[in-house]
Amino acid sequence: MFLFFKFLRYVRGNSRLQLKTEIVEAKKAKHLFLNATDYKNHRKYREALFSRTYIPILLEIFDGQCTGVDQVETDIGICFQLNLIGGGKIFDYGSQIKIENGTEEEIKVAIKLAKEKGWEGLHLTGSEHFKEQAFLEAVLSGVFRPEQITGYKPSKANLEVIRDCRPALKIANDSNVIKNYVVEKTGTGEAGGAEQIHIPRLKI
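Taking the numbering used here, the leading residue of the sequence shown gets 1, the next gets one more, and so forth.
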């Protein structure tokens with residue numbers, strides 16, 4: 001009993017020591033995270049913390065669609081690069097998604113990523129062919145409504161496809177039904193209180 005008691009006290013002592021160590025490390029992490037003047041460590045900690053949590057999430061979401069996710073630095077900044085099984089790459093910059101080649105699979109993954117991010121609007125840039133394909137995928141997949149997408153003016157043929165495949169959207173065969181994605185400024189309550197907000201971008 002005495003030996004067991006000593007062992008139990010030893011285990012508890014180790015637990016307290018481990019807990020104390022974790023608290024110290026947590027305080028250090030908190031300091032790095034909150035100390036805005038320590039720019040180098042602050043940024044380094046945030047990036048390390050984010051990549052440790054964000055990459056596994058992407059791998060889980062795109063299981064069976066990508067071979068891996070890398071954190072890379074490009075000419076416009078740091079991003080997460082999704083390497084697709086079929087070849088192709090998606091570059092996730094946070095509020096912007098870039099596509100390497102504009103293939104059908106890349107567009108599907110990019111639209112799915114936009115959905116997982118909870119984007120409420122999409123601005124398309126790139127070639128007209130790419131924007132057309134991205135527009136159709138975004139609408140036909142049910143992720144976005146036509147009025148939530150800017151940067152591309154759908155043709156009558158596009159609207160016919162949408163009308164036939166997604167009759168619930170009640171799309172008229174007239175490109176005038178497509179409006180810019182505008183959100184009213186919260187708290188104004190005035191008719192003139194609408195403002196064009198920053199819309200996440202999908203580009204090639």
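All C-beta atoms, glycine included, are put in the ideal place defined by N, C-alpha and C.
Can you give me the start and stop residues for the alpha helix (DSSP H) that Val139 sits inside?
128-140
Check this for me: beta carbons of His123 and Arg201, under 8 Å apart or not?
yes
Taking the alpha-carbon positions, what's the Ile97 to Gln133 distance?
Gln133 has its alpha-carbon roughly 15 Å from the corresponding atom of Ile97.
Is the CB-CB distance between Ile90 and Leu82 below 8 Å?
yes
Which class does Lys53 belong to by DSSP, given the choice of helix, strand or coil?
Per the sequence shown, residue 53 should be read as Thr rather than Lys. Per DSSP, reduced to three states, the secondary structure at Thr53 is helical.
Start and end of the beta strand (DSSP E) containing Val69?
66-74
Buried or exposed, going by whether 16 or more other CB atoms sit within 10 Å of the CB of Leu111?
It is Ile, not Leu, that sits at residue 111 in the sequence shown. So Ile111 ends up on the buried side.
Pull the bridge partners of Gln81 from the DSSP assignment, please.
Asp70, Phe91
Distance, Cα to Cα, Glu60 vs Leu84?
13 Å
Could you check which residue in Ile149, Phe80, Val161 has the C-alpha nearest to that of Val72?
Taking only the C-alpha atoms, the option nearest Val72 is Phe80.
Near Cys165, what residues of its chain come up, given a Cβ to Cβ distance below 7 Å and the 5 sequence neighbours on each side ignored?
Leu140
What's the gap between the Cα of Gly220 and the Cα of Glu116?
Past the boundaries of the shown model lies residue 220; the chain is included only from 1 to 204, so the question cannot be answered.
How long is the line joining the alpha carbons of Asp63 and Gln148, rounded to whole angstroms?
28 Å
Could you say which of Glu106, Gly88, Gly87, Leu113 lies nearest to Leu58 if we only look at CA atoms?
Leu113
Assuming contact is defined by CB atoms lying nearer than 8 Å, are Ile126 and Gly102 in contact in what I supplied?
Going by the sequence as given, residue 126 is Gly instead of Ile. Yes. Within cutoff.
Let me check you understand the geometry: is the CB of Lys112 closer than 7 Å to at least one non-hydrogen atom of the ligand FMN?
For the ligand FMN, the structure offers nothing, since it holds no ligand at all.
Quick check: what's the CA-CA separation for Glu160 versus Leu169?
12 Å
Can you check whether the CB of Lys108 is closer than 8 Å to the CB of Glu137?
yes
Please report the distance separating the alpha-carbon of Lys203 from that of Ile55.
If you take the alpha carbons of Lys203 and Ile55, they lie about 21 Å apart.
What does DSSP give as the partner residues of Thr150 in its beta bridges?
Under DSSP, Thr150 shares a beta bridge with His123.
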